[in-house]
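A short worksheet on the structure shown next.
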Amino acid sequence: MEFPPYLATMPMHAITEIHGERGLLERFRLEIRAFDPAARDRLTEALDLAAALHRDDRRVREPYLNHLLRVAIRMMHHYQVRDVDVIVAGLLHDAVEDHPDELAGPGAADPTTAALAALADRFGPRVARLVGAVTNPEYDPDRDRHVQYREHVAASLDREPWARVIKISDFTDNGVGVVYTIGPKVARSAAKYRPLVPVFRDLISRPDTPLSAPVKRHIFAQLDLAEERFSAILDTPN
């Protein structure tokens with residue numbers, strides 16, 4: 009497939025709509041050209057593992073890998089992240105939550121802990137720690153799941169500044185990208201993510217969040233856009 013020379017400047021959801029997974033994979037390859045060969049090998053290994061683990065997963069209308077690619081590309085292109093551990097963790101941020109048994113191997117008494125250990129063995133303890141920080145715990149069935157989700161996000165990201173970078177890229181894909189969802193999930197997603205907007209404003213504004221001032225302004229603008237979309241979905245009378 010031939011891709012246009014302006015692929016590197018296209019919005020990611022536009023690439024998704026026009027060129028699909030192959031377009032996002034090509035965009036990822038364009039982004040990692042800025043890294044040295046050892047870093048590119050590591051990033052490609054993480055992408056291959058993510059593709060294998062999520063090979064049968066779908067996100068409404070698309071392969072789940074598209075979401076992981078957009079999270080990683082956004083960090084490299086819009087956030088100017090050059091920390092390979094962080095991008096690797098971005099590609100694998102749902103691996104432990106969605107596929108602990110496959111990562112851990114058969115017979116693990118605690119698949120989540122074993123899956124994180126497997127990531128540590130393959131990509132290093134820092135990658136495993138970052139993935140662990142953005143992995144949802146088991147929820148108390150007697151409490152509201154969305155409340156527990158927000159509590160987990162606030163607590164885990166409070167102590168892991170680089171995990172905030174991964175999670176805000178994930179949130180942007182889910183929140184700003186909520187308009188690319190269809191059916192009843194649109195309102196459900198908006199209701200889930202809307203209360204997190206002020207949480208992320210606080211986390212990103214903190215001095216220890218390792219992003220430049222222009223990048224933070226970009227993220228704040230994306231949070232504004234997410235709030236506009238949540239309002240249009242949840243506050244507009246039918």
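The numbering of the sequence shown is this note's numbering, which starts it at 9 and goes up by one. Beta carbons: idealized from backbone N, C-alpha and C, even for Gly. Small disclaimer: the values here were computed from a predicted structure and weren't measured.
Inset, instruction - Quick one: give me the first and last residue of the alpha helix (DSSP H) that Pro-45 is part of. - result: 45-61
Legend entry - DSSP state of Glu-168 mapped onto helix, strand, coil: coil
Legend entry - C-beta atoms of Asp-129 and Pro-119 nearer than 8 Å: no
Inset, instruction - Return the first residue and the last residue of the alpha helix (DSSP H) that His-75 is part of. - result: 72-85
Inset, instruction - Out of Val-205, His-154, Glu-159 and Ile-190, state which residue places its alpha-carbon closest to the alpha-carbon of Phe-179. - result: Val-205
Legend entry - Straight-line gap, Arg-69 to Ile-212 (C-alpha atoms, nearest Å): 30 Å
Legend entry - Arg-37, DSSP secondary structure in three states: helix
Inset, instruction - Could you check if Val-142 is buried or exposed, using at least 16 other CB atoms within 10 Å of its CB as the buried criterion? - result: buried
Inset, instruction - Figure out for me which residue from Gln-88, His-62 and Ala-116 has the closest Cα to the Cα of His-101. - result: His-62
Inset, instruction - Please state whether DSSP places Arg-209 in a helix, a strand or coil. - result: helix
Inset, instruction - Helix, strand or coil for Arg-225, going by three-state DSSP, please let me know. - result: helix
Inset, instruction - In the DSSP assignment, find the alpha helix (DSSP H) that holds Pro-13 and state where it starts and stops. - result: Here Pro-13 belongs to no alpha helix (DSSP H), and DSSP marks it neither H nor E.
Legend entry - Neighbourhood of Arg-48 by C-beta distance below 7 Å, restricted to the same chain and skipping five residues each side: Ile-40
Legend entry - Length of the line joining the Cα atoms of Val-207 and Phe-228: 12 Å
Legend entry - Collapsed DSSP secondary structure at Arg-237 in the structure displayed: helix
Legend entry - C-alpha distance - Asp-148 paired with Ala-16, whole-angstrom precision: 43 Å
Inset, instruction - Might you give, ordered along the chain, the residues of its own chain that have their beta carbon closer than 8 Å to the beta carbon of Arg-67, omitting 5 neighbours on each side? - result: Asn-74 and His-75
Inset, instruction - Check the DSSP bridge columns for Arg-66 and list the partner residues they point to. - result: Pro-71
Inset, instruction - Using alpha carbons as the reference points, say which of Thr-244, Leu-57, Val-94 and Tyr-87 lies closest to Ala-123. - result: Leu-57
Inset, instruction - Determine whether the Cβ of Ala-46 lies closer than 8 Å to any Cβ atom of chain D. - result: Here there is only one protein chain, and chain D is not present.
Inset, instruction - Measure how close the beta-carbons of Asp-243 and Trp-170 come, nearest whole angstrom, since I'm counting them as under 8 Å. - result: Incorrect: roughly 34 Å between the Cβ atoms, too far for contact.
Inset, instruction - With hydrogens ignored, establish whether the beta-carbon of Leu-165 is closer than 7 Å to any heavy atom of the ligand MG. - result: No copy of the ligand MG occurs in the structure displayed, which carries no ligand at all.
Legend entry - Sequence-distant residues of its chain with Cβ nearer than 7 Å to Lys-193 (five each side left out): Val-68
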